[in-house]
């Protein structure tokens with residue numbers, strides 16, 4: 009009796025499944041037909057209009073971008089785009105693809121497609137900052153990101169003006185793979201607009217909150233007249249600590265002989281070199297409070313520096329650290345033992361410290377067990393962070 013009662017119910021369920029399946033098949037067929045129409049669009053000769061993309065879903069916009077690049081054989085890291093292109097009979101993967109293969113019309117069309125994507129993103133993503141040069145970003149729009157993504161978001165604003173990132177090879181490689189990027193020897197941080205500078209501050213503040221650190225470079229303005237407690241320095245890298253310490257001098261107008269410091273502070277909109285009336289460089293004086301804060305940071309920095317040889321690093325300690333900061337930290341262990349570096353930026357960076365004594369006979373065999381294990385931990389962290397960075401299309 010019960011089975012007889014259930015039969016009509018099962019029939020209804022089966023019918024509903026058939027109808028749903030037919031509907032989904034119909035939708036998929038419509039989507040496929042729409043994408044085939046886009047495949048017939050000549051992106052190299054015809055100009056797109058934003059109105060044409062107004063009702064195109066985000067996922068289809070990504071595939072449109074894939075079609076433009078795919079005509080030249082670009083191999084995508086994005087799985088959805090890669091799988092879509094793999095099914096196209098016209099797609100011929102080219103491991104030697106270069107952005108120079110794109111003509112001006114294709115670049116314009118990519119800009120229009122990419123702007124359409126940026127408008128539909130729930131949160132700002134790498135590649136979107138080009139479309140915020142005249143629009144302020146709010147913290148709510150930023151969401152959460154990996155360390156690599158935060159670094160790209162911040163750097164993208166500068167990259168739009170042609171900045172090169174010689175001290176961060178992975179970042180330079182990332183931007184060189186972007187069709188819109190043009191490195192310029194004449195890059196000047198002063199060309200950044202007020203809105204772009206504000207957006208960089210918003211990004212830095214959001215990233216700081218996610219990392220759960222109390223301070224970041226740029227915050228020392230708050231401690232020029234206030235004593236800095238050591239516990240506020242927790243979670244910062246040695247590189248960041250050195251920037252914080254020197255920021256007190258920079259805010260008083262010091263001109264730095266150390267190139268990497270001078271380059272960094274020259275890019276800050278608040279920095280202005282102190283000059284005498286005759287035009288010569290003036291060495292600024294710190295207040296008693298500023299001197300105390302510099303000593304606090306230096307004490308913490310030296311302790312952290314020493315612990316690289318005496319205390320094992322944990323993955324939790326490294327969480328949220330930028331890839332390049334991890335790289336500097338690993339090389340700091342090697343530099344302590346006298347390693348010389350082929351990378352000119354790293355060599356100049358370590359040569360700026362009194363403790364660095366190059367040793368031509370250096371070998372990793374000279375490292376202690378703790379140092380070797382810390383180097384291995386940092387290499388693993390860098391490898392994982394590099395994998396994350398490589399997966400970012402932008």
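Numbering (the working numbering), first residue to last: 9 to 402. We put the CB at the ideal spot given by N, CA and C, even for glycine.
In the same chain as residue 226, and ignoring 5 residues on each side of it, the C-beta atoms closer than 8 Å to its own belong to 209, 212, 255 and 276, in chain order. The closest CA to that of residue 372, considering only 393, 343, 354 and 222, is found on 343.
Counting the other CB atoms within 10 Å of its CB gives residue 158 a total of 16 or more, which places it among the buried residues. With respect to the C-alpha of residue 185, the residue from 357, 351, 391 and 135 having the closest C-alpha is 135. Within the DSSP bridge table, the entry for residue 109 names no partner. Exposure of residue 44 is indicated by the presence of fewer than 16 other C-beta atoms within 10 angstroms of its C-beta. By the criterion of a C-beta distance shorter than 8 Å, residue 223 is surrounded in its chain by 216, 240, 241, 244 and 252, once the five residues flanking it on both sides are discounted. By the Cβ criterion, the region 284-299 is not in contact with the region 344-360, since fewer than three pairs of Cβ atoms, one from each stretch, lie closer than 8 Å. CA-CA distance, residue 308 to residue 351, rounds to 28 Å. If you look at residue 65, you'll find it isn't in any alpha helix (DSSP H); DSSP assigns it neither H nor E.
Residue 283 has 289 as its beta-bridge partners, per DSSP. Membership of residue 271 in the alpha helix (DSSP H) is indicated by the continuous run 267-274. Per DSSP, the unbroken alpha helix (DSSP H) holding residue 355 starts and ends at 352-359.
Counted as a single uninterrupted DSSP element, the alpha helix (DSSP H) harbouring residue 317 occupies residues 296-318.
Distance from the CA of residue 291 to the CA of residue 266, rounded to the nearest whole angstrom, comes to 14 Å. Residue 195 carries a coil assignment under DSSP once its states are collapsed to helix, strand and coil. Proximity of the region 119-126 to the region 102-109 falls short of the contact definition, fewer than three beta-carbon pairs being nearer than 8 Å.
In the three-state reduction of the DSSP assignment, residue 79 falls in the coil class.
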